[in-house]
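Asks: Numbering (this note's numbering), first residue to last: 1 to 271. First the structure, which I've put down as structure tokens, then a few questions once you've had a look.
This is the structure we're talking about:
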């Protein structure tokens with residue numbers, strides 16, 4: 001099947017995979033504020049099957065990953081590339097690195113799934129955290145329950161920022177996505193212990209009650225060249241809850257990737 005993407009910049013390819021049911025525009029909103037000024041980096045924001053402009057089709061996550069791999073073959077070829085994935089996109093990104101360890105040159109895993117079935121995840125028990133009064137007042141009512149679980153930065157500003165990203169992403173093919181989640185969500189090699197040697201950054205939110213942070217810490221065993229960052233006052237939408245910290249962590253990862261690749265460093269203007 002043919003997936004659709006939008007691309008910015010030229011140079012070293014970085015494939016960006018969004019969370020489940022979200023279009024590539026969500027990753028644009030997450031990453032462009034961090035990397036838009038980086039010269040020499042081609043950012044490729046992919047609409048996964050059933051989202052954005054990409055049609056549904058694959059029966060399971062293995063098929064989704066096959067479609068992503070086919071896109072890489074068509075758009076990137078055999079050249080080295082980076083992969084950034086958020087949530088389900090991070091789950092797929094890790095799977096892609098297992099399949100193509102010699103081509104994937106670096107991994108950025110943001111609040112990513114390691115065990116995709118909810119019953120298998122090690123998520124923290126929700127503590128009492130501080131929150132701004134009426135912090136969900138500007139959020140559409142149908143999002144309030146989700147964001148009350150998903151956000152650790154419980155301020156009006158963070159909630160409104162995330163709500164705007166979700167609205168811009170669009171609904172997608174809801175029937176297809178529901179079927180995928182219910183019948184074919186788990187990758188066949190999810191429990192693989194294969195080691196990925198490239199520069200990796202795992203970023204998690206202390207208040208992420210969807211993906212958690214303990215499973216991600218345990219995953220470090222598969223990534224000898226990884227850093228792990230756990231941000232307080234951040235949940236599953238960490239790039240929008242703590243954008244400045246996220247920017248710094250992303251640029252640090254890019255610097256490590258280019259150092260290992262041996263090419264000229266990417267230009268990251270300060271500010």
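A virtual CB, placed ideally from N, CA and C, is assigned to each residue, including glycine.
If I'm right that residue 197 touches residue 239 with Cβ under 8 Å, what's the distance once you round it to whole angstroms?
Replies: With a Cβ gap of about 26 Å, residue 197 and residue 239 do not count as contacting.
Asks: To the nearest angstrom, report how far apart residue 82 and residue 143 are at their CA atoms.
Replies: Their Cα atoms are separated by approximately 32 Å.
Asks: Where do the N-terminal and C-terminal ends of the beta strand (DSSP E) with residue 12 fall, by residue?
Replies: Counting along the chain, the beta strand (DSSP E) containing residue 12 begins and ends at 12-17.
Asks: Using beta-carbon positions only, say whether residue 80 and residue 105 come within less than 8 Å of one another.
Replies: Against a cut-off of 8 Å, the Cβ pair of residue 105 and residue 80 comes out as a contact.
Asks: Would you kindly work out how many angstroms separate the C-alpha atoms of residue 156 and residue 262, rounded to a whole number?
Replies: If I take the Cα positions, the gap works out to 43 Å.
Asks: Excluding the 5 residues preceding and the 5 following residue 270 in the sequence, name in chain order all residues of the same chain whose CB lies nearer than 8 Å to its CB.
Replies: Model confidence at residue 270 stands at a pLDDT of 48, short of 50, so the residue's coordinates are unreliable; what they give is reported in the following sentence. None.
Asks: Between which two residues does the beta strand (DSSP E) holding residue 226 run?
Replies: Looking at the DSSP string, the run of the beta strand (DSSP E) that includes residue 226 is 226-231.
Asks: Alpha carbons only, please: which of 34, 84, 89, 109 is nearest the one belonging to residue 217?
Replies: The residue with the shortest Cα to Cα distance from residue 217 is 109.
Asks: Return the CA-CA distance between residue 272 and residue 151, expressed in angstroms with no decimal places.
Replies: Shown here, the chain extends from 1 to 271; a query on residue 272 therefore has no answer.
Asks: Please determine, among 21, 19, 34, 54, the residue with the shortest C-alpha to C-alpha distance to residue 6.
Replies: Selected option, being the one with the closest Cα: 54.
Asks: To the nearest angstrom, report how far apart residue 258 and residue 230 are at their CA atoms.
Replies: So the two alpha carbons sit approximately 24 Å from each other.
Asks: Under 6 Å Cβ to Cβ from residue 97, same chain only, skipping five residues before and after it: list those, please.
Replies: 104, 107, 196.
Asks: For residue 140, count neighbouring C-beta atoms within 10 Å of its own C-beta (all shown protein chains included) and say buried if the count is 16 or more, exposed if not.
Replies: When all chains shown are included, residue 140 counts as exposed.
Asks: Near residue 176, which residues of its chain fall below 8 Å by C-beta distance, leaving aside the five closest residues on each side in sequence?
Replies: Once the five neighbours on either side are set aside, the close Cβ partners of residue 176 are 49, 50, 56, 57.
Asks: With 16 as the cutoff for other CB atoms within 10 Å, does residue 137 come out buried or exposed?
Replies: Classification for residue 137: exposed.
Asks: In angstroms with no decimal places, state the Cα-to-Cα distance between residue 12 and residue 40.
Replies: Using only the alpha carbons, I get a separation of about 6 Å.
Asks: Evaluate residue 14 with the Cβ neighbour count: other Cβ atoms within 10 Å of its Cβ, from every protein chain shown; 16 or more gives buried, anything less gives exposed.
Replies: With 16 or more Cβ atoms within 10 Å of its Cβ, residue 14 is classed as buried.
Asks: Pick out the complete alpha helix (DSSP H) segments inside the region 80-115, 4 residues or longer, and give them in chain order.
Replies: The qualifying runs are 88-99.
Asks: Given a threshold of 16 other Cβ atoms within 10 Å of its Cβ, counted over all protein chains shown, does residue 249 qualify as buried or as exposed?
Replies: Burial call: buried.
Asks: With which residues is residue 204 paired in a DSSP beta bridge?
Replies: Paired residues: 230.
Asks: Does DSSP put residue 271 in a helix, in a strand, or in coil?
Replies: With a pLDDT of only 46 at residue 271, under 50, the local geometry of the prediction cannot be trusted, and the value read off the model is given with reservation. Residue state, collapsed to three classes: coil.
Asks: Which stretch, first to last residue, makes up the alpha helix (DSSP H) that contains residue 176?
Replies: Per DSSP, residue 176 belongs to the alpha helix (DSSP H) from 174-183.
Asks: Alpha carbon to alpha carbon, how far is residue 102 from residue 73? Give it in angstroms, no decimals.
Replies: About 14 Å.
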